[in-house]
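Asks:
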């Protein structure tokens, strides 16, 4: 990494746990930045001390973002401004997104030094399918709103990832179990730290555990597996359902309806429906 950075915005991922986990590229950017926008200067000061750097810092967080953002954008025209959060990758549940949008809107360069992310770390450790997932951030604090939010994703064929506060964990898990069903899930806390814990079970069992044991300590990520496919009906059940549908629909429509219901290939169902229609010429 060059000693002098070009003007623009640099998104820098910081360690979730051990400060020594900072990537060499991230360290080089922080050591050379003209200004670092931070969530908490006390946290970032420890990180800078670790790499032997001392750089100007300015607060940028939920409470001051709208007021501070224009000034940061103005400085990016001739200065290298780095953005960090207290832990992990900025823009994940923080106001960094609006800063990036504003920088891009002014045609300013934006680059990133990727690194740790609690959401992705929890997904990897959960043992749940990682090929398709939705990160949904923090759920609403009140149960009614939380249930409405969960209902939006109940039919999604993907693993779901949520951030949650320790004091609301048991109630959130109970709502998840009711709205999403008894899916496989994992609760990850204190990721990459000394007391890291991953607890894997069904949502209802996890809800009972944290209800009985009380709120855990530290930051929490909840990973919920995709809904489980219903077992395929056996041949007799398929025939019975086809006969019922053939009594009300054309052969083609009956096959299409049942294929959508059970997720079976239409060709196989069509052949079976033809055989049933031959047995009973009045149908089909």
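In the numbering used here, the protein residues as written are 1154 to 1437.
Cβ atoms here follow ideal geometry from the backbone N, Cα and C, with glycine treated the same way.
Remember, predicted model here, so these are calculated numbers, not experimental data.
Is residue 1196 helix, strand or coil when you go by DSSP?
Replies: Residue 1196 carries a helical assignment under DSSP once its states are collapsed to helix, strand and coil.
Asks: If you follow the beta strand (DSSP E) that residue 1354 is in, where does it begin and where does it stop?
Replies: Note, residue 1354: beta strand (DSSP E), 1350-1355.
Asks: Would residue 1248 and residue 1164 qualify as a contact pair, given that the criterion is a beta-carbon distance under 9 angstroms?
Replies: no
Asks: Apart from the five residues just before and just after residue 1327, which ones in its own chain have a Cβ nearer than 6 angstroms to its Cβ?
Replies: 1360
Asks: Return the bridge partner residues of residue 1212 from the DSSP annotation.
Replies: DSSP output for residue 1212 lists 1191 as bridge partner(s).
Asks: For residue 1431 and residue 1414, I'd like the C-alpha separation in whole angstroms.
Replies: 24 angstroms
Asks: Write down the C-beta distance between residue 1136 and residue 1192 rounded to the nearest angstrom, noting that I regard them as a contact closer than 8 angstroms.
Replies: The question about residue 1136 has no answer here: the residues shown for the chain are numbered 1154 through 1437.
Asks: For residue 1264, is the classification buried or exposed, using 16 other Cβ atoms within 10 angstroms of its Cβ as the cut-off for buried?
Replies: exposed
Asks: Helix, strand or coil for residue 1155? Go by DSSP, reduced to three states.
Replies: Interpretation of residue 1155 is limited by its pLDDT of 49, a score under 50 that renders its predicted location unreliable; the figure taken from the coordinates is listed afterwards. If DSSP states are grouped into helix, strand and coil, residue 1155 belongs with coil.
Asks: Out of 1324, 1199 and 1279, which has the shortest C-alpha to C-alpha gap to residue 1297?
Replies: 1324
Asks: Is residue 1418 helix, strand or coil by DSSP?
Replies: coil
Asks: State the DSSP-derived secondary structure class of residue 1371, mapped to helix, strand or coil.
Replies: coil
Asks: Would you call the CB atoms of residue 1208 and residue 1184 closer than 9 angstroms?
Replies: yes
Asks: Please classify residue 1286: is it buried, with 16 or more other beta-carbons within 10 angstroms of its beta-carbon, or exposed?
Replies: buried
Asks: Do residue 1241 and residue 1271 have their beta-carbon atoms positioned less than 9 angstroms apart in this structure?
Replies: yes
Asks: Report yes if the CB atom of residue 1374 is closer than 9 angstroms to the CB atom of residue 1313, and no otherwise.
Replies: no
Asks: What are the boundary residues of the alpha helix (DSSP H) that includes residue 1331?
Replies: Element bounds for residue 1331: 1322-1333.
Asks: Kindly examine the ligand PLP and report whether one of its heavy atoms sits closer than 8 angstroms to the Cβ of residue 1303.
Replies: With respect to the ligand PLP, the structure shown offers nothing to examine, as it has no ligands at all.
Asks: Any idea what DSSP makes of residue 1245, helix, strand or coil?
Replies: coil
Asks: I need the DSSP call for residue 1342, collapsed to helix, strand or coil.
Replies: strand
Asks: Compute the Euclidean distance between the alpha carbons of residue 1357 and residue 1345, then round it to the nearest angstrom.
Replies: Here the alpha carbon of residue 1357 sits roughly 26 angstroms from the alpha carbon of residue 1345.
Asks: I want to know whether the region 1335-1353 touches the region 1266-1285 - three or more CB-CB distances under 8 angstroms.
Replies: Counting Cβ pairs under 8 angstroms, three or more are found: they touch.
Asks: Output the boundary residues of the beta strand (DSSP E) element that contains residue 1165.
Replies: 1161-1165
Asks: Take the Cβ of residue 1315 as the centre, count every other Cβ of all protein chains shown within 10 Å, and call the residue buried at 16 or more, exposed below.
Replies: It is buried - the Cβ of residue 1315 has at least 16 other Cβ atoms within 10 Å.
Asks: Based on Cα-Cα distance, which residue from 1188, 1267 and 1393 lies nearest to residue 1231?
Replies: 1188
Asks: So, using beta-carbon positions, are residue 1293 and residue 1169 closer together than 9 angstroms?
Replies: no
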